[in-house]
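Offset between the sequence shown (1-based) and this note's numbering: plus 123.
Ideal placement from N, C-alpha and C gives every residue a C-beta, glycine not left out.
One structure is given below, encoded as C-alpha coordinates.
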Amino acid sequence: MGETVPGYDASGWYGVGAPKNTPAEVIDKLNNAINAVLADPAMKARLADLGGTPLPMTPAEFGKFIAGETDKWGRVIRTTGIKPE
124 MGETVPGYDA
134 SGWYGVGAPK
144 NTPAEVIDKL
154 NNAINAVLAD
164 PAMKARLADL
174 GGTPLPMTPA
184 EFGKFIAGET
194 DKWGRVIRTT
204 GIKPE
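Here it is as C-alpha coordinates:
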(Lines of atoms letter the chains of each structure in order from A; the text may use other names.)
(Lines give C-alpha, C1' and ligand atoms only; values in the text may rest on other atoms or scores of the structure.)
Protein backbone atom coordinates (compact mmCIF):
# COMPACT_ATOMS: atom_id res chain seq x y z
CA MET A 124 0.00 0.00 0.00
CA GLY A 125 2.84 2.38 0.84
CA GLU A 126 4.10 2.06 -2.72
CA THR A 127 0.75 3.24 -4.07
CA VAL A 128 -0.15 5.88 -1.48
CA PRO A 129 2.85 8.00 -0.46
CA GLY A 130 3.11 8.37 3.31
CA TYR A 131 0.68 5.54 4.00
CA ASP A 132 1.23 4.13 7.47
CA ALA A 133 -1.13 1.74 9.20
CA SER A 134 -0.49 -1.09 11.60
CA GLY A 135 -2.26 -2.99 14.29
CA TRP A 136 -0.97 -2.89 17.84
CA TYR A 137 -1.91 -3.91 21.34
CA GLY A 138 -1.30 -2.04 24.55
CA VAL A 139 -2.32 -2.12 28.18
CA GLY A 140 -4.13 0.80 29.76
CA ALA A 141 -5.22 1.60 33.29
CA PRO A 142 -7.82 3.93 34.80
CA LYS A 143 -6.85 7.62 34.91
CA ASN A 144 -6.11 7.87 38.63
CA THR A 145 -4.12 4.64 38.97
CA PRO A 146 -1.18 5.33 41.32
CA ALA A 147 2.19 5.83 39.59
CA GLU A 148 3.70 2.99 41.62
CA VAL A 149 1.14 0.57 40.20
CA ILE A 150 1.68 1.84 36.65
CA ASP A 151 5.45 1.46 37.03
CA LYS A 152 5.12 -2.04 38.43
CA LEU A 153 2.84 -3.13 35.57
CA ASN A 154 5.11 -1.46 33.00
CA ASN A 155 8.21 -3.18 34.36
CA ALA A 156 6.49 -6.58 34.36
CA ILE A 157 5.13 -6.17 30.83
CA ASN A 158 8.47 -4.97 29.47
CA ALA A 159 10.23 -7.91 31.16
CA VAL A 160 7.90 -10.33 29.39
CA LEU A 161 8.46 -8.55 26.07
CA ALA A 162 12.23 -8.89 26.57
CA ASP A 163 12.02 -12.66 27.11
CA PRO A 164 13.60 -14.49 24.14
CA ALA A 165 10.77 -17.06 24.00
CA MET A 166 8.17 -14.29 23.88
CA LYS A 167 10.12 -12.41 21.22
CA ALA A 168 10.31 -15.59 19.14
CA ARG A 169 6.60 -16.29 19.52
CA LEU A 170 5.65 -12.75 18.58
CA ALA A 171 7.96 -12.96 15.55
CA ASP A 172 6.27 -16.24 14.52
CA LEU A 173 2.97 -14.36 14.60
CA GLY A 174 4.39 -11.46 12.57
CA GLY A 175 4.66 -9.12 15.53
CA THR A 176 7.37 -6.90 16.89
CA PRO A 177 7.50 -6.09 20.61
CA LEU A 178 7.70 -2.38 21.33
CA PRO A 179 8.49 -1.97 25.01
CA MET A 180 7.85 1.61 26.14
CA THR A 181 7.73 3.70 29.26
CA PRO A 182 4.31 4.96 30.33
CA ALA A 183 5.25 8.41 28.98
CA GLU A 184 6.33 6.96 25.63
CA PHE A 185 3.11 4.98 25.37
CA GLY A 186 1.12 8.14 26.13
CA LYS A 187 2.89 9.95 23.29
CA PHE A 188 2.30 6.96 21.01
CA ILE A 189 -1.45 7.00 21.80
CA ALA A 190 -1.60 10.77 21.24
CA GLY A 191 0.12 10.35 17.87
CA GLU A 192 -2.23 7.57 16.80
CA THR A 193 -5.24 9.64 17.89
CA ASP A 194 -4.00 12.62 15.90
CA LYS A 195 -3.15 10.54 12.82
CA TRP A 196 -6.48 8.76 12.63
CA GLY A 197 -8.39 11.90 13.59
CA ARG A 198 -6.90 13.60 10.52
CA VAL A 199 -7.90 10.63 8.35
CA ILE A 200 -11.46 10.82 9.65
CA ARG A 201 -11.70 14.59 9.16
CA THR A 202 -10.07 14.52 5.72
CA THR A 203 -12.23 11.72 4.34
CA GLY A 204 -15.43 12.77 6.08
CA ILE A 205 -15.93 9.35 7.67
CA LYS A 206 -19.15 9.20 9.69
CA PRO A 207 -20.39 6.50 12.07
CA GLU A 208 -23.29 4.47 10.77
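Quiz item: How long is the line joining the alpha carbons of Pro179 and Val149, rounded to whole angstroms?
Solution: Taking the first residue of the sequence shown as 1, we reach residue 179 at position 56. Taking the first residue of the sequence shown as 1, we reach residue 149 at position 26. Each residue's alpha carbon lies about 17 Å from the other.
Quiz item: Apart from the five residues on each side of it in sequence, which residues of its chain come closer than 7 Å, Cβ to Cβ, to Leu161?
Solution: One-based indexing of the sequence shown puts residue 161 at position 38. If we look at Leu161 and ignore the five residues flanking it on each side, its Cβ neighbours are Pro177 and Pro179.
Exercise. Determine the extent of the alpha helix (DSSP H) in which Ile205 is found, giving its start and end residues.
Key: By 1-based counting over the sequence shown, the position of residue 205 is 82. Where Ile205 is concerned, there is no enclosing alpha helix (DSSP H), given that its DSSP letter is neither H nor E.
Quiz item: Among Thr181, Ile200 and Glu208, which has the Cα closest to the Cα of Asp151?
Solution: Indexing the sequence shown from 1 puts residue 151 at position 28. Among Thr181, Ile200 and Glu208, the Cα nearest to that of Asp151 is on Thr181.
Quiz item: Mind checking Asn144: buried by the 16 CB within 10 Å criterion, or exposed?
Solution: Locating residue 144 in the sequence shown gives position 21, counting from the first residue. When all chains shown are included, Asn144 counts as exposed.
Practice problem: Measure the CB-CB distance between Ala165 and Leu153 and report whether it falls below 8 Å. | Solution: Translated into the one-based positions of the sequence shown, residue 165 becomes position 42. Translated into the one-based positions of the sequence shown, residue 153 becomes position 30. No, they are not a contact pair.
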